[in-house]
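Written out below as structure tokens is the structure these notes cover.
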Amino acid sequence: GQNIDQPTEMTATEGAIVQINCTYQTSGFNGLFWYQQHAGEAPTFLSYNVLDGLEEKGRFSSFLSRSKGYSYLLLKELQMKDSASYLCAVPSNDYKLSFGAGTTVTVRA
Amino acid sequence: SQTIHQWPATLVQPVGSPLSLECTVEGTSNPNLYWYRQAAGRGLQLLFYSVGIGQISSEVPQNLSASRPQDRQFILSSKKLLLSDSGFYLCAWTEGAARTQYFGPGTRLLVL
């Protein structure tokens, strides 16, 4: 099975950088996903990492270390609209996703 | 392009009443389909998934059931709702062997 751990809450100031960590334990690794979920809305796909290293998409970057069972999502130049829950997820071998409980990020002016 | 629809968007039902939530996907064939529930302030719980017509896998024993009568249609049902069935119900799909799941807008269910 999969065990996923991420912080419950984080607060940061507009324009700052925030790093959301995710550690996982899985019987078979098939990549790691990050989703963003605004309050009252459905999750939206942010990134999918299969190989070690950093992948950048505009203000958001995602990092993976398979040997350490560790990933982080980096949010740069924070904007108020980035206030949301960020979900780390690991797929199982038969295409199910196991989600972490999510990290609620609050951006303050 | 692919789109996913869910209805209704919001539903208020009395305890003991039946339930039927529908999810349809457009612009793709033979998707994998998923039903999740998210209780208030909680994480996503996978309820059912389907890899083809008539093929349903149940993840959590409960008073809910799912059906897939057509390739791009996924239905979540209950004969008698419980208070604990309240939550945000999300349908998701993947295309072929791809692992990225895309979510529908969700149905917010309140059981009173």
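Which chain is which? The protein sequence lines are X and S, in order.
Per the numbering used here, residue -14 is the first one in the first sequence, and the count goes up by one each step.
Per the numbering used here, residue 2 is the first one in the second sequence, and the count goes up by one each step.
Note that beta-carbon positions come from the ideal geometry of N, C-alpha and C, so glycine has one too.
Checklist entry - Can you check whether the CB of Val26 (chain S) is closer than 8 Å to the CB of Gly5 (chain S)? => result According to the sequence displayed, residue 5 (chain S) carries Ile and not Gly. Val26 (chain S) sits close to Ile5 (chain S), with the two beta carbons spaced by under 8 Å.
Next on the checklist: Using a 10 Å radius around the Cβ and a threshold of 16 neighbouring Cβ atoms, would you call Ala98 (chain S) buried or exposed?
Outcome noted: A residue is called buried when at least 16 other Cβ atoms come within 10 angstroms of its Cβ; Ala98 (chain S) does not meet this threshold and is exposed.
Item to check | Cα-Cα separation, Ala27 (chain X) to Pro106 (chain S) | outcome: Approximately 5 Å, taken between the alpha carbons.
Checklist entry - Can you name the residues that DSSP bridges to Ser47 (chain X)? => result The bridge partners DSSP lists for Ser47 (chain X) are X:Glu40, X:Leu58.
Item to check | Residues that Met(-5) (chain X) bridges to, as DSSP identifies them | outcome: Assignment of beta-bridge partners to Met(-5) (chain X) by DSSP yields X:Val90.
Checklist entry - How would you write the range of the beta strand (DSSP E) that Leu82 (chain S) sits in, first residue to last? => result In the DSSP annotation of this structure, Leu82 (chain S) is not part of any beta strand (DSSP E), being labelled neither H nor E.
Checklist entry - Is Leu12 (chain S) near Leu110 (chain S), with beta carbons less than 8 Å apart? => result Yes, they are a contact pair.
Checklist entry - Which residues in chain X sit within 7 Å of Gln63 (chain S), going by Cβ to Cβ distance? => result None at all; the shortest Cβ gap to chain X is about 17 Å.
Item to check | Whole-number beta carbon distance between Ser78 (chain S) and Ser66 (chain S), since they are thought to touch under 8 Å | outcome: Cβ-Cβ separation between Ser66 (chain S) and Ser78 (chain S): approximately 5 Å, consistent with a contact (criterion under 8 Å).
Item to check | Per-residue DSSP class, three states only, for Asp112 (chain X) | outcome: Outside the displayed range of chain X (-14 to 94) lies residue 112 (chain X), so it cannot be described from this structure.
Checklist entry - Are Val90 (chain X) and Ala24 (chain X) close, meaning C-beta to C-beta below 8 Å? => result Their beta carbons are not under 8 Å apart, which means Val90 (chain X) does not touch Ala24 (chain X) by this criterion.
Checklist entry - Measuring CA to CA, which of S:Lys81, S:Gln71, S:Cys24 is closest to Asn64 (chain S)? => result Closest by alpha carbon: S:Lys81.
Checklist entry - Which residues in chain X sit within 9 Å of Asn31 (chain S), going by Cβ to Cβ distance? => result Correct list: empty, because the minimum Cβ distance to chain X is about 13 Å.
Checklist entry - Hey, how far is the Cα of Gln4 (chain X) from the Cα of Val92 (chain X)? => result Cα-Cα distance, rounded: 13 Å.
Item to check | Phe49 (chain S) at chain X interface by Cβ criterion, 8 Å | outcome: Chain X, which has no Cβ nearer than 8 Å to the Cβ of Phe49 (chain S), makes this no.
Checklist entry - Are at least three pairs of beta-carbons, each pair with one atom in the region 17 to 26 of chain S and one in the region 41 to 61 of chain X, less than 8 Å apart? => result In short, these stretches do not touch, since the Cβ pair count stays below three.
Item to check | Residue-level contact to chain X via CB, Phe104 (chain S), 8 Å cutoff | outcome: Closer than 8 Å: yes.
Item to check | Candidates S:Leu113, S:Asn31, S:Gln39, S:Tyr103, of which the one nearest Leu84 (chain S) by Cα | outcome: Minimum Cα distance to Leu84 (chain S) is reached at S:Leu113.
Checklist entry - Can the beta-carbon of Gln(-13) (chain X) be found less than 8 Å from the beta-carbon of Gly87 (chain X)? => result Taking 8 Å as the Cβ cut-off, Gln(-13) (chain X) and Gly87 (chain X) do not qualify as a contacting pair.
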